[in-house]
Amino acid sequence: MKNKIIMFFAYSLFFSVNGYCQFNTVLQKKDIPKAEPVLATTENKLIEEKEKAVVVNDALTTERLAYWKQRRYLSLPIDSMVITSHYGKRKDPFTGKIANHRGIDLKGNNDYVYSIMPGMVVKTGKNKGLGNYVEVRHGDFTSIYGHLY
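The sequence shown begins at 1 in full-length UniProt numbering and counts up by one.
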C-alpha cells in the first residue's frame, strides 16, 4: 500500500506540467457605457466656464488633438504582454536553423485576444506554422493572430 501511495505521488509530480497557449480567441472590447447628462445647475455652469479656459502658448494643441484622436483606436492584443519570441532573426523551433521571424509571439494563458485596431476579418484557418489563425484587415494593412485555441 505504501508503494502505491509513493508511486501515485511520483506520477502526479511527473505529469503535472503547466500548458501555455499563446492566444485564446479574438473578441472586441466591450463598449464603455456613456454617462447620463445631469440637469444644468449654477454649479455645472461654473465648471463648464472653467473648462472653456483658453490655453495660451500651446501651439501644438491641434496637432496633439489629432494625434490622440488617431491613437484612441489602438489596442494591445492581450491584457498583459509578455514577449516569448521577438521579431527578426532567431533559431526556428521547427528546423533548429537561424531564420527570420516575421512577427512576435506573446505568452497567453486562456487570455482574451483583441484586434489591435478596428477592422474586418478577412481570413480564418489552420496551417502548419500558425496553427489556428485569424487575419484582420485594418484599411491598408493586415494583422494576423496565430496559435489560437
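Backbone N, C-alpha and C fix where the C-beta goes; we use that ideal spot for every residue, glycine too.
Neighbourhood of residue i by C-beta distance below 6 Å, restricted to the same chain and skipping five residues each side
i: Val-82; result: Lys-107
i: Thr-84; result: Asp-105, Lys-107
i: Ser-115; result: Val-136
Where residue i falls: helix, strand or coil (DSSP)
i: Lys-107; result: coil
i: Lys-97; result: coil
CA-to-CA distance, residue j to residue i, given in whole angstroms
i: Met-7; j: Gly-131; result: 36 Å
i: Leu-76; j: Asn-110; result: 16 Å
i: Gly-125; j: Tyr-112; result: 18 Å
i: Thr-142; j: Pro-118; result: 11 Å
Unbroken beta strand (DSSP E) run spanning residue i, endpoints
i: Ile-83; result: 83–85
Neighbourhood of residue i by C-beta distance below 8 Å, restricted to the same chain and skipping five residues each side
i: Lys-89; result: Ile-98, Ala-99, Asn-100, His-101
Cβ-based neighbour list, residue i, same chain, cut-off 7 Å, excluding 5 preceding and 5 following
i: Lys-2; result: none
i: Lys-123; result: Glu-135
Checklist entry - Which residue spans inside the UniProt domain "M23ase beta-sheet core" (100–148) form an unbroken alpha helix (DSSP H) run of at least 4? => result none
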